[in-house]
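Engineer:
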Amino acid sequence: MTNPSAAPVSTKFLNVLVIGANGYLGTAICSAFLRTNAPPTSFRVHGLIRRESAAHQLAMNEVIPIIGSLSEPDMVRTTVLSHSPVWDIIVTCTEPSRATEAAHWSDLLAFIQDLASESAFHGVRPFVLWSSGCKDYGTTGLHGEKSLTPHSEDSPLQSHPIIRGRMDAALRVLEVAGAEGSNFTAAVVRATPVFGYSGSYYGAAFDYAAAFAGAFGKDDIRSRTLDFTSDEGTIMHGVHVDDCGEGYVALATAALPDDDRRRRIAGKVFNISGRRYETLREVGAALAQEYGFGHGARFGLAQDELPEAVSGHNCGLVFGWSQWVSSERIRNLTHWCDKRSLFSENIGVYRLAYEAAVEAGLDDVEKVRRRMAGNWGDDHKATE
Numbered sequence: 057m058t059n060p061s062a063a064p065v066s067t068k069f070l071n072v073l074v075i076g077a078n079g080y081l082g083t084a085i086c087s088a089f090l091r092t093n094a095p096p097t098s099f100r101v102h103g104l105i106r107r108e109s110a111a112h113q114l115a116m117n118e119v120i121p122i123i124g125s126l127s128e129p130d131m132v133r134t135t136v137l138s139h140s141p142v143w144d145i146i147v148t149c150t151e152p153s154r155a156t157e158a159a160h161w162s163d164l165l166a167f168i169q170d171l172a173s174e175s176a177f178h179g180v181r182p183f184v185l186w187s188s189g190c191k192d193y194g195t196t197g198l199h200g201e202k203s204l205t206p207h208s209e210d211s212p213l214q215s216h217p218i219i220r221g222r223m224d225a226a227l228r229v230l231e232v233a234g235a236e237g238s239n240f241t242a243a244v245v246r247a248t249p250v251f252g253y254s255g256s257y258y259g260a261a262f263d264y265a266a267a268f269a270g271a272f273g274k275d276d277i278r279s280r281t282l283d284f285t286s287d288e289g290t291i292m293h294g295v296h297v298d299d300c301g302e303g304y305v306a307l308a309t310a311a312l313p314d315d316d317r318r319r320r321i322a323g324k325v326f327n328i329s330g331r332r333y334e335t336l337r338e339v340g341a342a343l344a345q346e347y348g349f350g351h352g353a354r355f356g357l358a359q360d361e362l363p364e365a366v367s368g369h370n371c372g373l374v375f376g377w378s379q380w381v382s383s384e385r386i387r388n389l390t391h392w393c394d395k396r397s398l399f400s401e402n403i404g405v406y407r408l409a410y411e412a413a414v415e416a417g418l419d420d421v422e423k424v425r426r427r428m429a430g431n432w433g434d435d436h437k438a439t440e
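In terms of my numbering, the sequence shown opens at residue 57 and continues consecutively.
#1: Gly303: buried (16+ other C-beta within 10 angstroms of its C-beta) or exposed?
#2: Are Thr281 and Arg354 touching if we call contact CB-CB under 9 Å?
#3: Does DSSP put Asp161 in a helix, a strand or coil?
#4: How about Val297 and Ser256: do their beta carbons lie closer than 9 Å?
#5: Take Phe89 and list the residues in its own chain whose beta-carbon comes closer than 6 Å to its own, dropping the five residues that flank it on each side.
#6: Is there contact here, the stretch 160-174 with the stretch 198-214, by at least three beta-carbon pairs under 8 Å?
#7: According to the neighbour-count rule (16 or more other Cβ atoms, all chains shown, within 10 Å of its Cβ), is Tyr110 buried or exposed?
#8: For Arg317, which three-state DSSP category applies?
#9: Write down the C-beta distance between Ala233 and Val184 rounded to the nearest angstrom, noting that I regard them as a contact closer than 8 Å.
#10: Applying the 10 Å Cβ sphere with the 16-neighbour rule, what's the burial state of Asp276?
#11: So, with DSSP's three-state summary, where would you put Arg354?
#12: Going by beta carbon distance, what residues of the same chain come within less than 6 Å of Asp163, once the five residues before and after it are set aside?
#13: Out of curiosity, what's the CA-to-CA distance linking Thr150 and Gly294?
#14: Ends of the alpha helix (DSSP H) at Gly103?
#15: Tell me which residue opens and which closes the alpha helix (DSSP H) that Lys423 is part of.
#16: On a CA-only basis, which of Leu70, Phe69, Gly252 is nearest Phe443? Give me that one, please.
#17: Quick check for students: name the residue ranges of the alpha helix (DSSP H) that lie wholly in the stretch 255-340, counting only runs of 4 or more.
#18: Output the boundary residues of the beta strand (DSSP E) element that contains Val74.
#19: Tell me the DSSP secondary structure of Gln345 in three-state form.
#20: Buried or exposed for Val442, please, with buried defined as at least 16 other CB atoms from any protein chain shown within 10 angstroms of its CB.
#21: Can you check DSSP and say which residues form a bridge with Thr241?
#22: In angstroms with no decimal places, state the Cα-to-Cα distance between Gly301 and Val250.
#23: When the Cα atoms are used, what is the spatial distance from Ala172 to Asp144?
#24: Given that a residue counts as buried once 16 or more other Cβ atoms are within 10 Å of its Cβ, and exposed if not, what is Ala247?
#25: Could you name the residues of the same chain whose beta carbon sits closer than 8 Å to that of Thr135, not counting the 5 residues immediately before and after it, in chain order?
#26: What do you reckon, are the CB atoms on Thr241 and Gly356 nearer than 9 Å?
#27: Using the Cα positions of Phe272 and Asn402, report the straight-line distance between them to the nearest angstrom.
#28: Which residue marks the beginning of the alpha helix (DSSP H) containing Thr390, and which one marks its end?
#29: Could you tell me which whole alpha helix (DSSP H) segments of length 4 or greater appear in the stretch 355-382?
#30: Would the stretch 407-419 count as touching the stretch 312-330 if we require 3 or more Cβ pairs under 8 Å?
#31: Per DSSP, which one or two residues make a beta bridge with Arg246?
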């Protein structure tokens with residue numbers, strides 16, 4: 057039983073800055089840090105955002121909002137340092153448009169160097185978690201192929217051209233952090249696609265199934281199949297966004313200055329992926345059942361065999377990107393593990409959450425929809 061008269065333990069707060077805190081991943085990372093508070097060490101989480109309209113939601117979630125733009129370096133530096141001259145942990149999870157990304161990555165690294173210099177003056181060398189993604193590795197084979205092996209952190213990099221700038225920026229931050237005289241240490245996080253809540257790119261799966269179902273009447277759909285152009289063995293390896301956020305926190309806590317594991321984390325890359333992969337056969341069957349297709353799902357069809365209603369749904373990066381990714385490094389080093397249900401296991405709940413996000417008009421949903429339509433150039437709603 058707790059003794060209410062016992063002398064209170066003084067709590068030491070570590071300052072965390074999440075750059076892009078109002079985005080899909082940033083929100084989950086902030087929440088994960090707050091859930092991890094364990095006196096006598098706790099995290100005070102700050103979120104750097106561009107839009108003042110997003111500040112209220114952060115504050116309601118006990119994240120201290122800081123409004124500023126990396127494109128205005130002097131102003132944002134002054135604003136952030138007015139909250140604290142010392143930053144223990146800095147997390148980046150921004151998604152610039154292709155039109156602005158070159159300047160964005162350069163501004164972001166320069167900003168971190170500025171904060172690290174000030175923190176180092178006060179005796180603290182920040183630990184930076186820089187977000188990239190597992191698409192940096194390219195694809196693997198299909199489920200069932202004899203030569204199938206997972207990507208690891210040591211796999212060759214074969215990034216999709218759309219996100220090549222992000223991959224190069226991640227390599228650059230490791231180079232800068234590892235240079236002699238650097239004021240910060242860093243690790244790069246490469247997560248698989250994430251799902252849950254507003255859905256991220258998995259939301260496109262729901263949009264596709266809904267559009268396909270909409271091409272038929274309620275009675276007609278019972279005699280139909282939900283059809284896909286991709287192979288049923290396509291590997292869809294994802295992780296719930298909550299579990300992904302917990303992975304960031306596991307790395308951050310393992311890298312605290314008084315923990316000798318920091319030297320094994322600094323300068324390294326860490327993959328975050330689910331405990332097992334799912335196949336398009338599993339996901340397609342779950343979607344077919346959820347949307348009422350009485351004859352299940354079919355795979356490997358030609359594009360012209362699909363209804364006109366789904367012609368605008370370019371889901372190749374969702375249904376056609378086969379990738380198996382190992383996350384043994386983070387599991388072995390930090391004992392992190394994913395706990396939430398896989399996508400196909402709890403698809404009804406994930407659909408419910410996604411449709412609520414659509415109804416609420418969340419920016420995350422519209423951004424993904426624009427990208428699925430091929431527009432990657434003007435969606436810089438700046439989650440920084």
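For glycine and all other residues, C-beta sits at the position ideal for the given N, C-alpha and C.
Structural biologist: With the given structure in hand:
#1: buried
#2: yes
#3: It should be pointed out that residue 161 corresponds to Trp in this sequence rather than to Asp. Note: Trp161 maps to helix in three-state DSSP.
#4: yes
#5: Val72, Phe99, Val101, Val305
#6: no
#7: Here residue 110 is Ala; the residue named in the question, Tyr, does not match the sequence. Answer is buried; the Cβ neighbour count reaches 16.
#8: coil
#9: 7 Å
#10: exposed
#11: strand
#12: Leu126
#13: 19 Å
#14: Not the alpha helix (DSSP H): Gly103 falls in the beta strand (DSSP E), residues 97-105.
#15: 419-428
#16: Absent from the structure is residue 443, since the part of the chain shown begins at 57 and ends at 440.
#17: 259-270, 297-310, 318-321
#18: 68-75
#19: helix
#20: Residue 442 lies beyond the stretch modelled for the chain, which goes from 57 to 440, so this question has no answer here.
#21: Phe183
#22: 10 Å
#23: 9 Å
#24: buried
#25: Ile122, Ile123, Gly124
#26: no
#27: 25 Å
#28: 384-390
#29: 372-375
#30: no
#31: Asn327
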